[in-house]
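Notes follow once the structure below has been shown.
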């Protein structure tokens, strides 16, 4: 999805749950979703895409529906968490205050009017996911029983460039 971007970072923040007028429908979790990135060329400042994610069903938070904010109000997408965890780092460095571990998540997202279907791998390390994490995730995706997903990852998955230091707003 981020073919023409580098230094992509996502910030999530909790929002009040979405309630229904029906008392039998449980409230749905919601999160504010801010993506910041730079153009691959390095020209220009920090760009952003803002939206709100709403859990696709309660109480499950493994599947989400995204809706854009601002001029992207008409764009929506569905995404799902395929896996998450943390792994020790061989060099003892860490990210996100983890001290020697990297936390990661793998998501699948449905196509939108602007993007094809895809898979993202996130790491809490500012310098991006480790090579070992990348290899482990790709190996697991190749073994999945969802063959179209495995084939898509093998054919289309590309690493997003990280070039430190990041530009800030």
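Numbering (the numbering used here), first residue to last: 45 to 213.
For each residue, glycine too, the CB sits at the ideal point set by N, CA and C.
None of the values given here were measured: they were computed from a predicted structure.
CA-to-CA distance, residue j to residue i, given in whole angstroms
i: residue 209; j: residue 83; result: 14 Å
i: residue 192; j: residue 162; result: 11 Å
i: residue 89; j: residue 53; result: 14 Å
i: residue 207; j: residue 92; result: 17 Å
i: residue 59; j: residue 110; result: 13 Å
i: residue 101; j: residue 172; result: 31 Å
i: residue 121; j: residue 153; result: 7 Å
i: residue 75; j: residue 99; result: 9 Å
Own chain partners of residue i with C-beta closer than 7 Å, once the 5 adjacent residues on each side are dropped
i: residue 63; result: 71
Three-state secondary structure (DSSP) of residue i
i: residue 157; result: coil
i: residue 202; result: coil
i: residue 149; result: strand
i: residue 180; result: helix
i: residue 192; result: helix
i: residue 210; result: coil
i: residue 133; result: coil
i: residue 172; result: coil
i: residue 114; result: helix
Cutoff 6 Å; reference residue i; Cβ partners in own chain excluding five residues on either side
i: residue 142; result: A caution first: residue 142 carries a pLDDT of 49, below 50, which makes its placement in the model too unreliable to give a value.
i: residue 213; result: 90
i: residue 164; result: 151
i: residue 204; result: 46, 52
Integer-rounded CB distance, given that residue j should sit under 8 Å from residue i
i: residue 95; j: residue 116; result: 7 Å
i: residue 133; j: residue 149; result: Not really, about 17 Å apart at Cβ, beyond 8 Å.
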